[in-house]
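Residue numbers (the working numbering), protein chains in the order written: chain S, 565 to 616; chain G, 698 to 1408.
Structure record follows, encoded as structure tokens.
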């Protein structure tokens, strides 16, 4: 079960963390916008779910 | 739509609740025993099963998987049904889950006492039990998702997202970290080695904290705290934001367990940065919980349940601030390997996990038995005893941690290390005593709870199936265009997949490069595989749990290089399946132990550490002198190592025992010179061989291949 070294060196590997950073940021941006725009009553309804 | 009548299953909740209390007491007893052994090593009564190295994993596994595990299931089975307005998907699966989990715990306790361990923290259980855990976890998942699919409540409340994320991530963590090659029925070698093993282990280990000890409990908090206070959570928007932030960021924090070790620098930095970022979503959760009680603090005065929850959430906030601080390299330089880490763990464990469990049980039992708590006063006394217990536990350990770290690093004016390692141990014994008193108080409180709940149950009458009514979900065709987010809220499966992707990203970015990129783990040409005798010795080291007190990782600090020798390089560990860097220095680091003492020193030290080190708190290991090495296992161990990529020559497994006996004979001969008679196949001989090999490879001259090895 030897490891296969797909890459011989680390140069240029920064595309992967960059991609993950972009995925993360885009997701968060969209989520934040949604959270700010969501209807107040809907939020109230959902937050009361355990109590009803 | 016509409302449907159905019943919530309380029986399964009751059973998990009983299991929580039972294993909680057992786990705390094991912890108390371990704590006492640190200043009274004789209490292991010279038996293998009761030494600290074996008791410690029993304690950690009992608390994490048996106590907190059953607590999670208690809370999830209760809250999920009510949040979904549906009975659990399958009663049968509920019971298979329950009994399967308890059987796993019993198997764990037995095997750990007997020394069957993988040598990886919080993942000690050997491969057959790992497979059982996977099966039961899948059954839990089917039951949980099945309930979600048949729910009568459209919206999925935040607590449930936490449950989903927990289920997904624990599955991922468990499977990836448990990759191992079985050698025999209860023995396996980690698929990973050295640096990679360390990284996978602490990716797993920290995320066990995140996704077993934190996220499911946050889910429970989001349900039980509003219920107990009878008011909705402070900010639902905040709960959405901090949920996603938490599950994304937490995954990356693993390397903060490996700062200043041989882990590549870039991975260490990632761990630190993400650990600091983690303060925000963690405190989001804490503030959300505490602010929920805005205007209801008078209720806290009256209600023991809320008292427990308030301290729990506060301890959560403390621990999630302290943790990131300890992830800063300059702080970590002092904290790592010291008792500060233990203090930190127990603020979270006793404060957050324990108190949330207690609060939940105090809430649930009267509810499910249709009565009121037997004695509010007793519960309040439990609260105070437990809180004081936490303080008396943690403060001495902070003191001990700072003290030992300072003493380790003190030089005299002439530039010599001022304190022998043993001095730093004996100096903090009073702290170890205090800490066990704190733990004892905490345990007494828990026993008070057991009594209180027993009396409550006695005066109530159990509601096995709680009646409820709700209308099934109608597929809406809304005229107005919906916000797109509604789409994900109603689709638990989609949420499952998304959570999986989110947590997988962090793991992949950190772990995959070390496997794929050759230059990430530099090899050292003089580092060679262990000999068969040393391999057997290493397995004894793992079996006895030596890594629970001894580290094998010299950090690049002046005081460590002065005390232990050359700092540890990544390439030295390439054949270590599993790695044994350790997390704690109750005893000294052993990375460069090879050649430091004569064979006879080790012999006597294992017979009774106090012969060679007066005042030592290490338990005695006299059975190693009589037990024989199991040479029948040598061939299969060599073959397993070959499969894992360790470069033993082809066919070496057939002749390995010959080399083993030859090296053993040499050691026995050497011991004879020091007036010690021992059969050459005694286990102590193997252990000595291993210990004498540690850290010597980097000084080795490249040897000519002998004729024997070339055969």
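Glycine is no exception: its CB is placed at the ideal position from the N, C-alpha and C atoms.
Residue i, DSSP secondary structure in three states
{"i": "residue 1305 of chain G", "result": "coil"}
{"i": "residue 1000 of chain G", "result": "coil"}
{"i": "residue 718 of chain G", "result": "helix"}
{"i": "residue 1176 of chain G", "result": "Because the pLDDT at residue 1176 of chain G is just 48, under 50, the model does not fix this residue reliably, and the value given afterwards should be weighed accordingly. Residue 1176 of chain G falls in the coil class under three-state DSSP."}
{"i": "residue 1290 of chain G", "result": "coil"}
{"i": "residue 1114 of chain G", "result": "strand"}
{"i": "residue 934 of chain G", "result": "helix"}
{"i": "residue 1383 of chain G", "result": "helix"}
{"i": "residue 1050 of chain G", "result": "helix"}
{"i": "residue 814 of chain G", "result": "coil"}
{"i": "residue 727 of chain G", "result": "helix"}
{"i": "residue 1317 of chain G", "result": "coil"}
{"i": "residue 786 of chain G", "result": "coil"}
{"i": "residue 1078 of chain G", "result": "helix"}
{"i": "residue 1249 of chain G", "result": "coil"}
{"i": "residue 1069 of chain G", "result": "coil"}
{"i": "residue 1392 of chain G", "result": "coil"}
{"i": "residue 882 of chain G", "result": "coil"}
{"i": "residue 1045 of chain G", "result": "helix"}
{"i": "residue 1477 of chain G", "result": "Nothing can be reported for residue 1477 of chain G, as the shown portion of chain G is limited to 698 through 1408."}
{"i": "residue 1348 of chain G", "result": "coil"}
{"i": "residue 1241 of chain G", "result": "coil"}
{"i": "residue 1203 of chain G", "result": "helix"}
{"i": "residue 1124 of chain G", "result": "helix"}
{"i": "residue 699 of chain G", "result": "coil"}
{"i": "residue 1276 of chain G", "result": "coil"}
{"i": "residue 748 of chain G", "result": "coil"}
CB of residue i within 8 Å of CB of residue j, strictly
{"i": "residue 829 of chain G", "j": "residue 793 of chain G", "result": "no"}
{"i": "residue 1362 of chain G", "j": "residue 1350 of chain G", "result": "no"}
{"i": "residue 908 of chain G", "j": "residue 844 of chain G", "result": "no"}
{"i": "residue 777 of chain G", "j": "residue 857 of chain G", "result": "yes"}
{"i": "residue 1046 of chain G", "j": "residue 1083 of chain G", "result": "no"}
{"i": "residue 611 of chain S", "j": "residue 929 of chain G", "result": "yes"}
{"i": "residue 1237 of chain G", "j": "residue 1300 of chain G", "result": "no"}
{"i": "residue 764 of chain G", "j": "residue 812 of chain G", "result": "no"}
{"i": "residue 759 of chain G", "j": "residue 806 of chain G", "result": "yes"}
{"i": "residue 854 of chain G", "j": "residue 915 of chain G", "result": "no"}
{"i": "residue 1091 of chain G", "j": "residue 1040 of chain G", "result": "yes"}
{"i": "residue 1337 of chain G", "j": "residue 752 of chain G", "result": "no"}
{"i": "residue 1208 of chain G", "j": "residue 896 of chain G", "result": "yes"}
{"i": "residue 1025 of chain G", "j": "residue 1259 of chain G", "result": "no"}
Residue i - partner residues in DSSP beta bridges
{"i": "residue 887 of chain G", "result": "G:877"}
{"i": "residue 1034 of chain G", "result": "G:1281"}
{"i": "residue 1410 of chain G", "result": "Residue 1410 of chain G lies beyond the stretch modelled for chain G, which goes from 698 to 1408, so this question has no answer here."}
{"i": "residue 1108 of chain G", "result": "G:1114"}
{"i": "residue 1325 of chain G", "result": "G:1379"}
Cβ-Cβ separation, residue j to residue i (assumed contact under 8 Å), whole Å
{"i": "residue 955 of chain G", "j": "residue 1017 of chain G", "result": "Residue 955 of chain G to residue 1017 of chain G, Cβ: 20 Å. No contact."}
{"i": "residue 968 of chain G", "j": "residue 942 of chain G", "result": "No, residue 968 of chain G and residue 942 of chain G are not in contact; Cβ-Cβ is about 17 Å, not under 8 Å."}
{"i": "residue 946 of chain G", "j": "residue 971 of chain G", "result": "5 Å"}
{"i": "residue 613 of chain S", "j": "residue 927 of chain G", "result": "The pair is not a contact, with the Cβ atoms about 14 Å apart (cut-off 8 Å)."}
{"i": "residue 1012 of chain G", "j": "residue 1066 of chain G", "result": "With 8 Å as the limit, residue 1012 of chain G and residue 1066 of chain G do not qualify as a contact, their Cβ atoms being about 29 Å apart."}
{"i": "residue 825 of chain G", "j": "residue 899 of chain G", "result": "Actually they do not touch by this definition, with Cβ atoms about 25 Å apart."}
{"i": "residue 957 of chain G", "j": "residue 1029 of chain G", "result": "7 Å"}
Near the ligand NAP: residue i beta-carbon under 7 Å from a heavy atom
{"i": "residue 1012 of chain G", "result": "Among the components modelled here there is no ligand, and therefore nothing to report on the ligand NAP."}
Close beta carbons around residue i, own chain, < 6 Å, minus the five adjacent residues each side
{"i": "residue 1102 of chain G", "result": "1031, 1035"}
{"i": "residue 1118 of chain G", "result": "1285"}
{"i": "residue 1152 of chain G", "result": "1071"}
{"i": "residue 963 of chain G", "result": "none"}
{"i": "residue 1002 of chain G", "result": "925, 1056, 1059, 1060"}
{"i": "residue 1147 of chain G", "result": "718"}
{"i": "residue 723 of chain G", "result": "759"}
Sequence-distant residues of the same chain with beta carbon closer than 8 Å to residue i, five excluded per side
{"i": "residue 774 of chain G", "result": "706, 709, 710, 713, 785, 791"}
{"i": "residue 1128 of chain G", "result": "1036, 1093, 1094, 1096, 1097, 1100"}
{"i": "residue 1007 of chain G", "result": "987, 990, 997"}
{"i": "residue 1176 of chain G", "result": "The predicted position of residue 1176 of chain G is uncertain, since its pLDDT is 48 and thus under 50; a value taken from the coordinates is nonetheless stated next. Excluding positions up to five away in sequence, the list is empty."}
{"i": "residue 704 of chain G", "result": "784, 1162, 1163, 1164, 1165"}
Sequence-distant residues of its chain with Cβ nearer than 7 Å to residue i (five each side left out)
{"i": "residue 1392 of chain G", "result": "1262, 1288, 1289, 1290, 1291"}
{"i": "residue 1409 of chain G", "result": "Limits of chain G in this structure are 698 at one end and 1408 at the other, which puts residue 1409 of chain G out of reach."}
Cβ of residue i within 8 Å of any chain B Cβ
{"i": "residue 701 of chain G", "result": "Structure shown: chain B not included; protein chains present are S and G."}
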